[in-house]
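Peer 1: I'd like to ask you about the structure that follows.
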Amino acid sequence: MSVAPQQSRPIRAQILGIRDYFPARVITNKDMEKIVDTNDEWIVERTGIRERRRSETHETPSFMGVEASKKLFADFKIDPLSIDLVVCATITPDYTFPASACLIQNQLGCKNAFAYDLLAACSGFIYGLETARAYVESGRAKRVLLVAAEKMSAILDFQDRQTCILFGDGGAAALIEAGNDKSYIIDSIMRSDGSGAPCLYMPAGGSLKPPSVESVQNREHYVKQEGKSVFKRAVVDMADVCQEILEKNKLTGSDLKLFVPHQANMRIIDAAAERIGLPKEKIAINIDRFGNTTAATIPTALLDAERKGQVKKGDLILIASFGAGFTWGSSLLRY
Ligand code: COA
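Mapping of the sequence shown onto the working numbering: residues 102 to 436, in sequence order.
Here it is, written out as structure tokens:
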């Protein structure tokens, strides 16, 4: 007698939960006025930012990642030994090497996990989520700890008013594991265009231009940005990739419970939201309180929205980013 092979359901991945960590020190726009020639009105009108957080020396991405992860493990009763992989998305690692993810893995006692950093700038969380999803869906990992944390203040030029007002420090940790019918990552679109590299980068400190007296004197260990070029690309590409993933999945903006865009500039967020026809109350916003925390904006804004009751488990959400590289992308999920 022949036995029909059992149809096994494909594994899907979900975000089980997110927790955050922000340094306590608040830097308001008024504080920025004392550092560079700027003013609160300009910053609010051009970016939507009112204040941001600044790390103390010890508040590195690994520190923030560990603190956020400890809350996550406690709240969701996660055994550190059950983690198979730790990914840390950051452009401001504690060291060039070893990876901040290894420091996090050690401090949390995730002894069964391998660990590495992922560099995708403002798209760090979205790229990290895609990485975690690939490991979980393929069965190669059961549980992935995804940290997205930045100490942007370490690489900001506080003599350059065009960049130093934009960024802030902060981090988050997310647990990705097998999903269920109510909670799973539906789809994603990831993009890169390396021709954009000179528009947003840090010129020195890498192997091309190692640290030297000259590189320090020329202030080359700081973020350099062609604000207008980045702005133009971000407005178009982030909106495009949102529209594309909705069309691909036969959805419209009205099907979404929440849109969680990367928090770089309120005008970029508004442009993307307008393109997919979303009202303000369906957009997660924390740029006003935290500025652009690079890889950490999406998980912290999503958690913030959850705390405010804007979204709950099982709701349909769209997340999207644009950042240095250029890197950009969107993911659609039942949260
Ligand atoms: N305070 C006051 N004035 C400022 C200022 C500041 N912090 N920064 C720039 N200005 C001035 C400029 O010097 C310029 O003056 P001018 O007209 O006399 O020359 C004027 O404001 C307009 O500058 P501009 O650069 O054209 O402003 P903008 O509208 O393009 O806004 C950014 C600048 C940086 C806010 C904007 O380009 C931006 O958000 N870019 C994308 C940044 C980003 O998202 N990066 C992260 C990766 S996603």
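Here a beta-carbon is modelled for each residue, glycine too, at the ideal position from N, C-alpha and C.
Can you list, in chain order, the residues of its chain whose CB lies under 8 angstroms from that of R234, leaving out five sequence neighbours each side?
Peer 2: The residues are A114, I277, I286, S289.
Peer 1: Restricting to Cα atoms, I'd like to know which of V361, S313, Y302 is closest to I388.
Peer 2: The option with the nearest alpha carbon to I388 is V361.
Peer 1: Measure how close the beta-carbons of Q326 and L301 come, nearest whole angstrom, since I'm counting them as under 8 angstroms.
Peer 2: That pair is a contact at about 5 angstroms.
Peer 1: Whole angstroms are fine: how far does the CA of S224 sit from the CA of S432?
Peer 2: When rounded, the distance between both Cα atoms is 11 angstroms.
Peer 1: Distance, Cα to Cα, G269 vs P181?
Peer 2: About 29 angstroms.
Peer 1: Does the distance between the C-beta of T139 and the nearest non-hydrogen atom of ligand 1 fall short of 7 angstroms?
Peer 2: Yes, the beta carbon of T139 sits closer than 7 angstroms to at least one heavy atom of ligand 1.
Peer 1: Thinking C-beta only, is Y228 closer than 8 angstroms to M291?
Peer 2: Contact: yes.
Peer 1: What residue does the beta strand (DSSP E) around F226 start on, and which one ends it?
Peer 2: Here F226 belongs to no beta strand (DSSP E); instead the alpha helix (DSSP H) covers 225-238.
Peer 1: Just to confirm the assignment: which complete beta strand (DSSP E) runs, minimum length 3, are found wholly within the stretch 165-209?
Peer 2: Runs found: 186-190.
Peer 1: Run the CB neighbour count on I136, radius 10 Å, all protein chains shown included, and call it buried at 16 or more, exposed below.
Peer 2: Exposed.
Peer 1: Could you have a look at N319 and say whether DSSP puts it in helix, strand or coil?
Peer 2: Coil, per DSSP.
Peer 1: Alpha carbon to alpha carbon, what distance is there between E231 and K358?
Peer 2: For K358 and E231, the distance between alpha carbons rounds to 21 angstroms.
Peer 1: Does ligand 1 have a heavy atom nearer than 7 angstroms to the CB of G328?
Peer 2: Indeed, a heavy atom of ligand 1 lies less than 7 angstroms from the Cβ.
Peer 1: The alpha helix (DSSP H) that contains A374, what's its start and end?
Peer 2: Here the alpha helix (DSSP H) through A374 covers 367-376.
Peer 1: Between Q411 and the rest of its own chain, which residues show a CB-CB distance below 7 angstroms, the 5 nearest in sequence each way excluded?
Peer 2: The residues are L359, A385.
Peer 1: Within a Cβ cutoff of 6 angstroms, which residues of the same chain sit near D121, ignoring the five residues on either side of it in sequence?
Peer 2: For D121, where only same-chain residues beyond five positions count, the Cβ hits under 6 angstroms are A169, A273, T401, L404.
Peer 1: Can you tell me where the beta strand (DSSP E) with V361 in it begins and where it stops?
Peer 2: That run of the beta strand (DSSP E) goes 359-362.
Peer 1: Below 8 angstroms between beta carbons: does that hold for A190 and L219?
Peer 2: Yes.
Peer 1: Run through DSSP, which three-state label would V324 get?
Peer 2: If DSSP states are grouped into helix, strand and coil, V324 belongs with coil.
Peer 1: Return the residue from the list T193, I192, L379 that minimises the CA-CA distance to Q344.
Peer 2: Cα-wise, what sits closest to Q344 is L379.
Peer 1: Are the beta-carbon atoms belonging to I369 and F332 less than 8 angstroms from one another?
Peer 2: Taking 8 angstroms as the Cβ cut-off, I369 and F332 qualify as a contacting pair.
Peer 1: For the pair the stretch 139-157 and the stretch 255-268, tell me if three or more CB-CB distances fall below 8 angstroms.
Peer 2: These segments touch.
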